[in-house]
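All letters in the sequence shown, in the order written, are residues 0 to 129 by numbering that gives the first Met the number 0.
Glycine included, C-beta positions come from ideal geometry on N, C-alpha and C.
These numbers were taken from a predicted model, which means no experiment stands behind them.
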Amino acid sequence: MLQPSITPPHRAPRSYNRATYHRAHPPTVGIALLEALRSVGLQSSAKSVARQLLQRVVRAYPGDTPSLIADLSAKYLQLLPPGIPSPPLACYSGAPNPKLDAEFTQAEVFAALQKLHTTCTTGPDCIPNK
0 MLQPSITPPH RAPRSYNRAT YHRAHPPTVG IALLEALRSV GLQSSAKSVA RQLLQRVVRA
60 YPGDTPSLIA DLSAKYLQLL PPGIPSPPLA CYSGAPNPKL DAEFTQAEVF AALQKLHTTC
120 TTGPDCIPNK
């Protein structure tokens, strides 16, 4: 009997859409460091080489580690500084549609749950149906 392939939650599947994966898994400081390396042309598929390159970046940075993380986050993650609220979202300017504005009913949720296939692989969002 074949065992199903289980991908750890911190790794992307072997074939994945990068944009879809990053929407499902928000960027981290590690991703910011790797993007920094890619931006200067240092790409590597081997984890050990990437780790060595990251160690070089950390050692070569003139400040301390928290300031390195803050600088990389500001440059590659576009995070807002603490205390600054995020800009308001645009309001919907189309025609009102009460059918779309209505809350989900219990019957609709139950029907959607019954349609889920929990024995198949994940969808494009990389989130399992369990």
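- Taken atom to atom, the span from the alpha-carbon of Thr-117 to that of Asp-100 is near 29 Å.
- From the listed residues Leu-88, Pro-87, Leu-53, the smallest Cα separation to Leu-71 is found for Leu-53.
- Annotated as distal: Val-56 and Thr-64, with beta-carbon spacing of 8 Å or more.
- For Glu-107, the uninterrupted alpha helix (DSSP H) run begins and ends at 105 to 114, by DSSP.
- Cβ atoms of Leu-79 and Ser-85 come within 8 Å of each other, at about 6 Å.
- For Ile-68, the enclosing alpha helix (DSSP H) stretches over residues 64 to 71.
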